[in-house]
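S.K.:
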Amino acid sequence: MELVTQIINRHYREVEQIIEPLGGEIFKFGGDSCLILFPHITPNDKAILELACNQIEARAEELDGIFRESYDISFSLHGSLCWGPVNLNIVGDTRYHLDYYVDGKTISRAYELADMGSGITRELPDIDYQIPAETALRKRYLIPARSFLPEVLRQSPGTAPPSASLRNAAVIFIRIISESSHYFELEQYDHTYRQIQRMVDRYGGVINKIDYTEKGYLILPVFGAPILHPDDIERAFICATRITQIRAPGVELRIGINYNNIYTGQIGANKRWEYGIIGNAVNIAARLMSYAKSRQICMSGEIESRIKLKFETLFLSTTEVKGIRDKIAIYKLVKELPEQWKQYEQRFESRPLCLRESLLEPALEQIKSSSEALITIKGSSGSGKSYLAWLLCKQLEKSGHSFEIFHSDPYTRSLRLDFFYHSIRRKLGIDKLSLQFEEFCTWMDEKQIFYDPELIKLHLLSPEKLSPARARAEYELARNTFFDILAAIYPPDVCLAIDPIDGYDPQSLELIKMLIKRNLGSSAKVIVTCEQDFVWQSDDYINSSCITLSKLLPEEAGWLVSAYLPLATNAVKEELHSLSEGNARFLTEILKQIQAVYPAATDLITPNEIHSLKARGLIPDRLENLLITTYNAQAAPLQKVLSLAAIYAVPFTASDLHEAFGMKNADKLMEELALNGILEQVDLRPEAVYDFSNPLLKDSIYNSILLADKIIYHKSLAAFYETHSDDPKATELAAAHYIRTGDHRLIRKWSLFLAKHYYSIGALELSKLYWQMLTQHTAEAAELISAKLYIAEIMLSLAENDNAAVELEALRELEAQPGALRDRYYALWAMYYSNSSRFPELADFASSKVLQIGDPALKIQMELQYLEMLAAQGKTEEFQSRALPLFDELKDQPNEQNRLSGVIAQSFINQGDYLSGYKYYRIKSALAAKLHDPIGKRIAASGMGNALFRRGKKDDALKLYQEALEIAERSGDRNGYSKALLNIGTFHRNLGDYESAQKAYEKSLIVARHIGNLMQESIIIYDIGELHSYLDQHDAALACFRQSLEIAERIHDESGKSFCYDAIGDNYFKRGQYAEAKATYESNLLLQQRINDREGIAHTFGNLGNIAKMDKDWDLSREYYNKQLEILAEVGDLDGSGRAWFNLAMIDLETSLKADARNKLEQALDLFTRCDASYYIEITREQIRALDQ
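In the working numbering, the protein residues as written are 5 to 1193.
Quick look at the structure:
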């Protein structure tokens, strides 16, 4: 290969000496070929071109003689000469390097002529083509040559080129094809190339060449030259898979990848050369590419053997490549395997099923069905949950279902959003988010995900910059965006297996449950394993089943023993069942140990043999002791690797152990441990990632490490993480390892750090975990009480009201200890009463304790809770008498003003004062804008829209509803987006545009189900039912109301239940089924009285008045309407009071009391006018005019 390169370079030098004086230059090298351009030649210079060709041909003949004599190698050339316009295209991202290619019809014709025979074929037409001035090459377009070199090759002028070498390298051969034209538009090519360039740079490769040849547009990335990595094959292959996923509309990508020998070094002449590669790796990769179809990867056996752990491949055929003796096997990439699928197969494929068929049959039937299925496998550690999950996934595979397995690790249970970070790393290659954030945003843009970049950056990269209040307010927005990202990564029809689900952190669990709900809605299957009950608000219409695993029964243990020890006696089966205590995992390990030390396949095994093995220590009495014997049998260097891996806790690479602990040559030791079956390769990043084959072995080794060594190792690892500022989880990992030292001082320090950290970013479940940890490791009384108060506060924030009350009751002694802690204690009791809707207790507590609170902020918080309670109860007069002055007092506290302004606004709207309601919603809008609170802005826009709509300003109302929709869309507020659509749907419904209303409702419902908001889903279905009622589609309406009611009952939404009962009663009323309507209204009245829904009670009195009126029971009807009026006057509902007076007037008309009727209509008109209810103003005036006539 080195000799061939010398010959080629000699030829190039000779060519350069010929063409340079004639105005030509070599533009591109292609191994043993080159492209020569004469940029300023015209057809009038034919003689110059002929001279160049003749001299090149003559010099080639001379070189043939020289090479035959010197090397016994013949030398010949074939080529062509064409004249015409060409396109010089400069592409690439300057952050990496620029590159160029030349294309056009003239180039294509040159390649056609070059294949016609030996020598140089000429074709010079008598055409004088003038290049347009705007596209002609001019000096001002010249770019420094260094811009075209990758960073690793940029050198100062005058230094020597990289030295030549023979080496193995991974070569990716890419052909890109425009689907719309033979030639690429420059922008389209550049867009595609930049994405490929980014991927190659990310994984440590170099794009050695781009070109346009007779084979089309080619791109040649190389891994292993000039920079060598031990995992170049893995890097190249993962890069190739990422390239197939790039977004390049109208572009085909065909990829061949190979690992073989190449020559690298200077290829070219004296003045013009390239760092090039030639050799088998390139030629084979090119042949492999020819077998690939669009977005496909074909590979050689050298590649396939290194990636089959993670990818499924298909053997296609063999092929011969010129110059290579053996045939080349061709494999096609089929798909990426589910995570750790090979490990599951290796662990379980030979294991027998020891479970009664009756337990498994329902789940197998669900797998075979065409509908959705949620299968839960519950059991203690070692009961066989993972095995059963694998078995069901095998059935999914046989049924043709695509599926994903998510394997959680208990060591990452305390890491926020671990599932999210793991998903974007594994599926998108985003492993350093701080450095790849721009790329991440580009991907989200391509997937049309609505998001706020600053919000996402804060929550993922700089959560410590968020205030606790802002973190909680914005977390729903951020979480919905995280879910949208996961929803784009995992298709809705893919089946999911989560093993185990209780190994994830709380925020990951939220996202996983949302993903489960979305995929179940697309008829996917979901398999979940857990030790504790899987808390899931499952829809009753979802097909679900639960398999509960317990200790093996003697018969089941016997089946397992027989599978491993076919000649074991019944007494042996009984003894081993007793020894393992029915734990399937322990029993399996015992049986594998017996197989290793006893010829169990060919010899009878009795209790005597078992006793002998136990006496020799070959069958320990505890699983941990059994596993540790494997560790003790390893050489000291291997034991060191296993100890460090047990400390590291999560899957690891050789680089991880080197960087964290300074361990050298770990890769070879890890390979040996993998061959011994102790470690297994679980991933490619692209470096090989390993983990323990048996998770229990990791625990056993960890428990055997001396405490002093543990402290040293954990401190070393924690210090390592503290230096990794580019990893958003690094600080959390550092703290977690400091805590695992067992040092009380460090546990106290870092549990306090994590408790505050998670609290400040809204990760409340994790914060509670570390506050609880702190209570066990602090000796300071004030710190202990403060931690317990935080625990109670978080419980209240998570609606764990009963648990919070227990915590608070245990701190009663604080009532006698004035100060900051007592202030917080009182504020939490107020929060508890508010959460529990115990309004009388809240009123008594607030009035008696608020004056004792010294902290102004807590005093205001308690007052706001009390005011919200008053508003909820409809105590308008007291609410406004306290809220309006307080609002003015809060002028320097915009957060509190923002909170209160919305409550005041809605209070005014509830009482029919739409002008005042609009005013305060407008104030809220300004405050929200100042505070960068998109949810507040959206709520204000919707509230102003409602106020204007009720005043009859429909066009202005619609604009505000649409503004709310746009705000929600821009900020990624899926919940707000659904609510804004709901408002728009109701707007269209009330105007009689039922088709537009239906479309808005359906879209709102899709979004609500997408994010798993059951309350919003219930409300939308209710409003769809209302729409059916408007259309007199009473059966369809009733079905919707009942479905909405079912959801409200499931989520304990008492107010929602009341609305549904009311609508169901109205449905009966409209059908003329007055007895059923009355019974429904009366049941609803009991519910409303129980939850103290004053406005609801008033509304139901009105409904019962309508029933009495239909029965012509005028006295009872008046009684109900007067009760309604009394409550509405109390809560200040002008609009509702007006309608009650109107109904009373109608009874007076029915009973010929026209004068009384007119007085009541005047009362109604006055109320409608005061609240600007234009629709009711008009119908009331019509009634008065009719009476006057």
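Beta carbons: idealized from backbone N, C-alpha and C, even for Gly.
These figures come from a predicted structure and were not determined experimentally.
Around the Cβ of residue 319, are there at least 16 other Cβ atoms within 10 angstroms (buried) or fewer (exposed)?
M.R.: exposed
S.K.: Using the C-alpha atoms, what's the distance from residue 847 back to residue 880?
M.R.: 15 Å
S.K.: Looking only at C-alpha atoms, which of 405, 564 and 533 sits nearest to residue 496?
M.R.: 405
S.K.: To the nearest angstrom, how far is the alpha carbon of residue 3 from that of residue 589?
M.R.: In the structure displayed, the chain extends from 5 to 1193; residue 3 sits before or after that span and is not available.
S.K.: Quick one: Cα of residue 831 to Cα of residue 452, how far?
M.R.: 44 Å
S.K.: Could you tell me which of 33, 19 and 34 sits nearest to residue 27, measuring between CA atoms?
M.R.: It is 19.
S.K.: Name the DSSP beta bridge partners of residue 86, please?
M.R.: The partner list for residue 86 (beta bridge, DSSP) reads 127.
S.K.: Could you give the DSSP three-state label for residue 110: helix, strand or coil?
M.R.: helix
S.K.: Alpha carbon to alpha carbon, what distance is there between residue 978 and residue 582?
M.R.: 55 Å
S.K.: I think residue 989 touches residue 943, with their Cβ atoms under 8 Å apart; what is that distance to the nearest whole Å?
M.R.: Actually they do not touch by this definition, with Cβ atoms about 18 Å apart.
S.K.: Please report the residue range of the beta strand (DSSP E) in which residue 212 lies.
M.R.: Annotation for residue 212: the continuous beta strand (DSSP E) segment containing it runs 210-217.
S.K.: Return the residue from the list 1010, 95, 270 and 79 that minimises the CA-CA distance to residue 170.
M.R.: 270
S.K.: Which partner residues does residue 951 have in the DSSP bridge list?
M.R.: Paired residues: none, contrary to the question.
S.K.: Which runs of the alpha helix (DSSP H) fall wholly inside the segment 538-584 and span at least 4 residues, in chain order?
M.R.: Listed in chain order, the alpha helix (DSSP H) runs fully inside the segment 538-584 are 558-568 and 574-584, counting runs of at least 4 residues.
S.K.: Measuring straight from C-alpha to C-alpha, what distance separates residue 264 and residue 716?
M.R.: 44 Å
S.K.: Give me, in chain order, the residues of the same chain whose beta-carbon lies closer than 7 Å to that of residue 59; leave out the 5 immediate sequence neighbours on both sides.
M.R.: 22
S.K.: In the DSSP assignment, find the unbroken alpha helix (DSSP H) run with residue 989 in it and report its ends.
M.R.: 978-994
S.K.: Cα-Cα, which of 1105, 1136 and 1133 is closest to residue 1123?
M.R.: When only C-alpha atoms are compared, the closest one is 1105.
S.K.: If I measure Cβ to Cβ from residue 413 and keep anything under 7 Å in the same chain, skipping five residues before and after, which residues do I get?
M.R.: 507 and 654
S.K.: How big is the Cα-Cα spacing for residue 243 and residue 173?
M.R.: 14 Å
S.K.: Compute the Euclidean distance between the alpha carbons of residue 115 and residue 152, then round it to the nearest angstrom.
M.R.: 25 Å
S.K.: Would you mind working out which of 488, 438 and 446 sits nearest residue 467, comparing C-alpha positions?
M.R.: 438
S.K.: I need the boundaries of the alpha helix (DSSP H) containing residue 501, first residue and last residue.
M.R.: Element bounds for residue 501: not the alpha helix (DSSP H) but the beta strand (DSSP E), 499-503.
S.K.: Rounded to the nearest angstrom, what separates residue 8 and residue 75 at their Cα positions?
M.R.: Roughly 10 Å separates the two Cα atoms.
S.K.: What residue range does the alpha helix (DSSP H) around residue 38 cover?
M.R.: First-last for residue 38: 38-41, but that is the beta strand (DSSP E), not the alpha helix (DSSP H).
S.K.: Using the Cβ count rule (16 or more neighbours within 10 Å means buried), how would you classify residue 1142?
M.R.: Answer is buried; the Cβ neighbour count reaches 16.
S.K.: Is residue 1183 closer than 8 Å to residue 1169 when the C-beta atoms are compared?
M.R.: no
S.K.: Using alpha carbons as the reference points, say which of 873, 1179 and 861 lies closest to residue 849.
M.R.: 873
S.K.: From 340, 684 and 261, pick the residue whose C-alpha is nearest to that of residue 317; which is it?
M.R.: With distances taken between CA atoms, residue 317 lies nearest to 340 out of 340, 684 and 261.
S.K.: If we count the other Cβ atoms within 10 Å of its Cβ and call it buried at 16 or more, is residue 777 buried or exposed?
M.R.: If you draw a 10 Å sphere on the C-beta of residue 777, you find 16 or more other C-beta atoms in it, and that means buried.
S.K.: Compute the distance between the beta-carbons of residue 933 and residue 923, then report whether it is under 8 Å.
M.R.: no
S.K.: Kindly identify the DSSP beta-bridge partner or partners of residue 169.
M.R.: 268
S.K.: Grab me the residues of residue 82's own chain with a C-beta within less than 7 Å of its C-beta, minus the 5 sequence neighbours each way, in chain order.
M.R.: 118, 121, 122 and 123
S.K.: What's the gap between the Cα of residue 183 and the Cα of residue 50?
M.R.: When the Cα atoms are used, residue 183 and residue 50 turn out to be separated by approximately 37 Å.
S.K.: Report the residue from 251, 1107 and 1156 whose alpha carbon sits nearest the alpha carbon of residue 1067.
M.R.: 1107
S.K.: Taking all protein chains shown into account, decide if residue 1128 is buried (16 or more other Cβ within 10 angstroms of its Cβ) or exposed.
M.R.: buried
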